[in-house]
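Notes for the one structure printed next.
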Amino acid sequence: MRHYISDTTALLGRSLRHITRSLDTIITTTVMPIAFLLLFVYVFGGSIDVGGQTYVDYLLPGILLITIASGISYTSFRLFIDVQSGLFERFQSMPIARSSVLWAHVLTSLVATMVSVAVVVLVALLMGFRSSAGVLSWLAAAGILTLFTLALTWLAIIAGLSAKSVDGAAPSPTRSSSCRSSVRRSC
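Heads up: the sequence shown begins at -11 in this note's numbering, then just goes up one per residue.
And the structure:
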């Protein structure tokens, strides 16, 4: 078990370094949900009646789900790139736990997505989001978002392993067109 945990931890560090070096991933997973939040609250917020609530209180749950969905879409793409570049074959020749590669991708997605969710919630608090929920309710909400992220991440793993082309695993058309020429490079 210790060997399995150390393998997963090493591969998790590798995947997290890849995310921090990828500016387009950071922009898509964190900045875009914040831009949606700002757009919908300040541009469209006055035209929709939410019955006594502030619009940011009404909108935040949906934006959090968009944040999670945009975060896990990159898991499929990164896994596809690892498979196509031959990284899985190299790992199979090494004495590491085979499932640690998949768990590293899942945990990377979970960590990156939860950081993005936290940033979006902080921005919403700055915009005036207020909740009457207590600490236990917030912990329950965090648990539900974590389980939702894990479930969707495993679906993204399936898509990344079964995709036949970068277009089948890519999170967006602009990303797939920029990476179409060379799957081996880290996009």
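Here a beta-carbon is modelled for each residue, glycine too, at the ideal position from N, C-alpha and C. Every value quoted in this text rests on a predicted model; they were computed, and no experiment measured them.
- Message: Out of Ile7, Leu53, Ser73, Leu47, which one is the CA nearest neighbour of Thr137?
- Response: What you label residue 137 is simply residue 149 of the sequence shown in a count that begins at 1. Among Ile7, Leu53, Ser73, Leu47, the Cα nearest to that of Thr137 is on Leu53.
- Query: What runs of the beta strand (DSSP E), each 3 residues or longer, lie entirely inside the region 86 to 114?
  - Reply: none
- In angstroms, rounded to a whole number, what distance separates the CA positions of Leu25 and Val44? The sequence position of residue 25 within the sequence shown is 37, counting from 1. The sequence position of residue 44 within the sequence shown is 56, counting from 1. Distance between the alpha carbons of Leu25 and Val44: 8 Å.
- Item | Simplified DSSP assignment, three categories, for Thr42 | Translated into positions along the sequence shown, residue 42 becomes position 54. Coil at Thr42, not helix or strand.
- Count the other C-beta atoms from every protein chain shown that fall within 10 angstroms of the C-beta of Met115, then say buried if there are 16 or more, exposed otherwise. In the sequence shown, residue 115 corresponds to position 127, counting from 1. Flag for Met115 reads buried.
- Task: Tell me where the alpha helix (DSSP H) around Gly33 begins and ends.
- Result: Within the sequence shown, numbered from 1, the residue matching residue 33 stands at position 45. Element bounds for Gly33: n/a, residue is neither H nor E.
- Nearest to Val105 by CA position, among Ala57, His(-9), Thr8, Thr141, is which residue? Counting from one through the sequence shown, the residue named residue 105 turns up at place 117. Closest option to Val105, Cα to Cα, is Ala57.
- Tell me where the alpha helix (DSSP H) around Val123 begins and ends. Taking the sequence shown and counting its residues from 1, the one referred to as residue 123 is at position 135. That run of the alpha helix (DSSP H) goes 123 to 150.
- With 16 other Cβ atoms within 10 Å as the buried cut-off, status of His(-9): By one-based count along the sequence shown, residue -9 stands at place 3. It is exposed - the Cβ of His(-9) has fewer than 16 other Cβ atoms within 10 Å.
- Within 7 Å (strictly less), CB to CB, does Arg86 reach chain B? No chain B is part of this structure, which consists of one protein chain only.
- Message: Quick check on DSSP: helix, strand or coil for Arg163?
- Response: By one-based count along the sequence shown, residue 163 stands at place 175. With a pLDDT of 45 at Arg163, under the threshold of 50, the modelled position of that residue is not reliable, and no figure is offered here.
- So, Gly122 versus Leu67, is the Cβ gap smaller than 7 Å? Translated into positions along the sequence shown, residue 122 becomes position 134. Translated into positions along the sequence shown, residue 67 becomes position 79. Cβ distance not < 7 Å, so Gly122 and Leu67 don't count as in contact.
- Would you decide whether Cys167 is buried or exposed? Buried here means 16 or more other CB atoms lie within 10 Å of its CB. As a working note, residue 167 is residue 179 in the sequence shown. Low confidence applies to Cys167: its pLDDT is 48, below 50, so where it sits in the model is not reliable, and the reading given next is rough at best. With 16 or more Cβ atoms within 10 Å of its Cβ, Cys167 is classed as buried.
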